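Throughout, the numbering used here is defined as the position within the sequence shown, counted from one, plus 27. Comments concern the structure below.
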Amino acid sequence: MKIPGQRVLAYLWPYRYPFLAALGQVFLMSLFELAKPWPLKVVIDNVLAGKPLPLQAVSSWPAQTLLIAACSALVLIYLLLGGLTVLNNFTTIRIGQRMVNDLRSDLYTHLQRLSLAFHSRHQVGDLLYRVTADTYAIQTLTMNGLFPILSALVLLVGMFFVMVRLDWQLTLLALGVCPILFFSISFMGARISAAATQAREQESAVYSIVQRAMSAIRVIQAFTKEEEEHRAFMSASHRSLAASLRLYTLQTLYSGVVNVVIAVGTAVVVWVGARHVLSGQLTVGEIVVFTSYLASLYGPINSISQTWGLIQGASAGVRRVFEILEVEKGLADGSRTFPSQGARGDVSIENVSFHYVPGQPVLKNLSLRVLPGQTVAIVGPTGAGKSTLVSLLPRFYDPQEGRVTIDGIDVREFVLKDLRRQISMVLQPPLVFPISVAENIAYGRPGASRQDIVQAAKLARIHDTIERLPQGYDTVVGEQGATLSEGERQRLTIARAILRNAPILILDEPTSSVDAETEALIMEGLRKLTQGRTTFIIAHRLSTVRQADRIVVLRDGRIVEEGKFEDLMQKEGPFALLYRTQFSL
Numbered sequence: 028m029k030i031p032g033q034r035v036l037a038y039l040w041p042y043r044y045p046f047l048a049a050l051g052q053v054f055l056m057s058l059f060e061l062a063k064p065w066p067l068k069v070v071i072d073n074v075l076a077g078k079p080l081p082l083q084a085v086s087s088w089p090a091q092t093l094l095i096a097a098c099s100a101l102v103l104i105y106l107l108l109g110g111l112t113v114l115n116n117f118t119t120i121r122i123g124q125r126m127v128n129d130l131r132s133d134l135y136t137h138l139q140r141l142s143l144a145f146h147s148r149h150q151v152g153d154l155l156y157r158v159t160a161d162t163y164a165i166q167t168l169t170m171n172g173l174f175p176i177l178s179a180l181v182l183l184v185g186m187f188f189v190m191v192r193l194d195w196q197l198t199l200l201a202l203g204v205c206p207i208l209f210f211s212i213s214f215m216g217a218r219i220s221a222a223a224t225q226a227r228e229q230e231s232a233v234y235s236i237v238q239r240a241m242s243a244i245r246v247i248q249a250f251t252k253e254e255e256e257h258r259a260f261m262s263a264s265h266r267s268l269a270a271s272l273r274l275y276t277l278q279t280l281y282s283g284v285v286n287v288v289i290a291v292g293t294a295v296v297v298w299v300g301a302r303h304v305l306s307g308q309l310t311v312g313e314i315v316v317f318t319s320y321l322a323s324l325y326g327p328i329n330s331i332s333q334t335w336g337l338i339q340g341a342s343a344g345v346r347r348v349f350e351i352l353e354v355e356k357g358l359a360d361g362s363r364t365f366p367s368q369g370a371r372g373d374v375s376i377e378n379v380s381f382h383y384v385p386g387q388p389v390l391k392n393l394s395l396r397v398l399p400g401q402t403v404a405i406v407g408p409t410g411a412g413k414s415t416l417v418s419l420l421p422r423f424y425d426p427q428e429g430r431v432t433i434d435g436i437d438v439r440e441f442v443l444k445d446l447r448r449q450i451s452m453v454l455q456p457p458l459v460f461p462i463s464v465a466e467n468i469a470y471g472r473p474g475a476s477r478q479d480i481v482q483a484a485k486l487a488r489i490h491d492t493i494e495r496l497p498q499g500y501d502t503v504v505g506e507q508g509a510t511l512s513e514g515e516r517q518r519l520t521i522a523r524a525i526l527r528n529a530p531i532l533i534l535d536e537p538t539s540s541v542d543a544e545t546e547a548l549i550m551e552g553l554r555k556l557t558q559g560r561t562t563f564i565i566a567h568r569l570s571t572v573r574q575a576d577r578i579v580v581l582r583d584g585r586i587v588e589e590g591k592f593e594d595l596m597q598k599e600g601p602f603a604l605l606y607r608t609q610f611s612l
């Protein structure tokens, strides 16, 4: 994948005025760089050798005054150059950091809008590396790469004209190494770019392994898999370091070739230049200026070559970021919105078929109608398609065939955010954030009052537990809810769904992690919550489905039975078999 230059420039465009100011600073810095050897020439030719200055105004100055002026000019030049360098570094780094921030914002926003199907195919560690590390590459590519090259080019042009005036033969000789240098850039650039891409991919693999291990640390310790995980980590680390070593070796080799070519060019020019001084074609001061420019000439060329290697490495990171940004959102946004009072909750699933992997259908030509305010329990063995079915409502996925409608309108026609505001969800596993208890409950409704938060907690039967915490509702929950039990996390997510107060409710195993007594209390609260709301309850614990208006039994992606609890038990069909098996009847 090539980096689209216009997309990189789009991130630079908002900062075009600071960028132009930085360019102006580069030109001033180049002028001072050009002026650096001239005070020394004045000292050698006009103070020590007594040669008169061509300027009439200072030609009559005494040698002592001219020496002081030359030394003062030298200090002033370095002082101004140092100040401009600091200012230019601040300006360019600030622009680069803002570009990084903008790119991170776009990438993070884009990742949040990509479908769950995309996220299921990508490792979290790799995406984390792209957001945190690869985005820095745009700063390297533009500020750290562009400005050294611009500065070097300005210096090259300026020094070329000055050197030609001093000795055109030496100048052409000095420039003779340029074709060899640019050939080196062309030859090594592609190899460095490939090595940089591989190094970044291997490093992101290390991130992925660490992220996976840290999220599953309890399982790893429970099954004493520490040594195996350590071996996997070290193997990935060795591959990452080997790729980095190859990159650094190529960059060092590249730098060595450039330095040798420059050294040969410098030696030839110094030898010829010394002969020109001996023949009287150049003065000692002029050869000092020329050799100073020679070092400065090869410095920019070396800078261009070194920076080019840096750019090749940075371009690999930018490509990885744009690779994600160019992934089309799996779910096209609609344009319709719900009325101000929200959805009525009339849900229809019409001849829906869905697969994660082509040729392996999870739902097969399934149809289901749920009227406003009805509570439907969806049961069946693991892998029957229960969670997939309800995931079609908020458009976590879209079906390959058929459609899902709310109030008679295909959900694909709605604005995605507006659609999801109509749905409260309690998902598995229960997910809480490392923020306060109150903020966790109000996550789906940030402006909720403390009174509403407390009321939701009471309905979820977790209020008394929260009150016993050190700071009550202001207690900060540990990472992944580590300071709460599984049942407490479950009830916290139920309180979050209650507070959302949406017309459609999805409960995925709402009581799977609680004891029988707490389950009874939660179900009492949920009965109040489900009144007047269209509710889908996915349940393995069949004791939670007794009060449902309808029970739908799924098997192999199809509805094999549906009806009320008592009717299904009398039929002695699949539901009755599931129920009796679970309760050993």
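Note that the Cβ used here is the ideal one computed from N, Cα and C, for glycine as well. Keep in mind the model is a prediction, meaning the values are calculated, not measured.
With DSSP as the reference, please indicate the residues paired to residue i in a beta bridge.
{"i": "H382", "result": "P388"}
{"i": "E588", "result": "V580"}
{"i": "I95", "result": "Paired residues: none, contrary to the question."}
{"i": "V503", "result": "S463"}
{"i": "I565", "result": "I405 and D535"}
How is residue i classed by DSSP in three states: helix, strand or coil?
{"i": "S342", "result": "helix"}
{"i": "D535", "result": "strand"}
{"i": "R495", "result": "coil"}
{"i": "S306", "result": "coil"}
{"i": "I489", "result": "coil"}
{"i": "R607", "result": "helix"}
{"i": "F365", "result": "coil"}
{"i": "E353", "result": "coil"}
{"i": "E599", "result": "coil"}
{"i": "R396", "result": "strand"}
{"i": "T402", "result": "strand"}
{"i": "S375", "result": "strand"}
{"i": "A359", "result": "coil"}
{"i": "N115", "result": "helix"}
{"i": "N528", "result": "coil"}
{"i": "K413", "result": "helix"}
{"i": "G559", "result": "coil"}
{"i": "T293", "result": "helix"}
{"i": "T520", "result": "helix"}
{"i": "S512", "result": "coil"}
{"i": "P45", "result": "helix"}
{"i": "P64", "result": "coil"}
{"i": "R347", "result": "helix"}
{"i": "Q478", "result": "helix"}
Quick check: residue i and residue j, are their CB atoms within less than 8 Å of each other?
{"i": "S220", "j": "V284", "result": "no"}
{"i": "P152", "j": "S235", "result": "First, the residue type needs correcting, since residue 152 is Gly and not Pro in the sequence shown. In contact: G152 and S235 (Cβ atoms closer than 8 Å)."}
{"i": "R488", "j": "R527", "result": "no"}
{"i": "V127", "j": "Y156", "result": "no"}
{"i": "L532", "j": "L519", "result": "no"}
{"i": "A483", "j": "I436", "result": "no"}
{"i": "G123", "j": "Q166", "result": "yes"}
{"i": "I338", "j": "L168", "result": "yes"}
{"i": "F423", "j": "L143", "result": "yes"}
{"i": "L130", "j": "V348", "result": "yes"}
{"i": "S375", "j": "P388", "result": "no"}
{"i": "V453", "j": "I521", "result": "yes"}
{"i": "V315", "j": "K78", "result": "no"}
{"i": "L106", "j": "M56", "result": "no"}
{"i": "L420", "j": "V438", "result": "yes"}
{"i": "P601", "j": "R582", "result": "yes"}
{"i": "H97", "j": "P64", "result": "A small correction: the amino acid at residue 97 is Ala; His does not occupy that position in the sequence shown. No, the pair does not count as a contact, with Cβ atoms beyond the cut-off."}
Could you tell me whether the Cβ of residue i comes closer than 8 Å to any Cβ of chain C?
{"i": "K444", "result": "No chain C appears in the structure shown, which is made up of a single protein chain."}
Completely contained alpha helix (DSSP H) runs for the segment 421 to 476, where each covers 4 or more residues = 443 to 448 and 464 to 468
Sequence ranges, alpha helix (DSSP H) only - wholly within the segment 122 to 202, length at least 4 = List check, alpha helix (DSSP H) in window: 143 to 148, 151 to 159, 172 to 193 and 195 to 201.
query = Are the segment 423 to 439 and the segment 403 to 412 in contact at 8 Å, needing three or more beta carbon pairs?
reply = Contact fails: fewer than three Cβ-Cβ distances are below 8 Å.
ask   = Just checking, does the segment 43 to 56 make contact with the segment 98 to 113 on the three C-beta pairs under 8 Å criterion?
value = yes
request  = Count the CB pairs spanning the segment 239 to 248 and the segment 298 to 307 that are closer than 8 Å, and state whether there are at least three.
outcome  = Flag = no, the segment 239 to 248 and the segment 298 to 307 do not touch.
key: Three CB pairs or more closer than 8 Å across the segment 360 to 371 and the segment 381 to 392   = Verdict: no, contact absent.
inquiry  = At 3 residues or longer, what runs of the beta strand (DSSP E) sit wholly inside the segment 209 to 277?
reply    = As far as the segment 209 to 277 is concerned, it has no whole beta strand (DSSP E) run of at least 3 residues.
inquiry  = Assess contact between the segment 190 to 200 and the segment 286 to 300, defined as three or more Cβ pairs (one per stretch) separated by less than 8 Å. Is contact present?
reply    = Remark: three or more beta-carbon pairs, one from each stretch, lie closer than 8 Å, so the segment 190 to 200 and the segment 286 to 300 are flagged as touching.
request  = Report yes or no: do the segment 555 to 568 and the segment 491 to 507 share at least 3 C-beta pairs separated by less than 8 Å?
outcome  = They do not touch, by the three-pair rule.
task = Flag this pair as touching only if the segment 91 to 104 and the segment 129 to 144 have three or more C-beta atom pairs under 8 Å; answer yes or no.
result = no
request  = Tell me, please, whether the segment 586 to 601 touches the segment 434 to 454 by the rule of three or more beta-carbon pairs shorter than 8 Å.
outcome  = no
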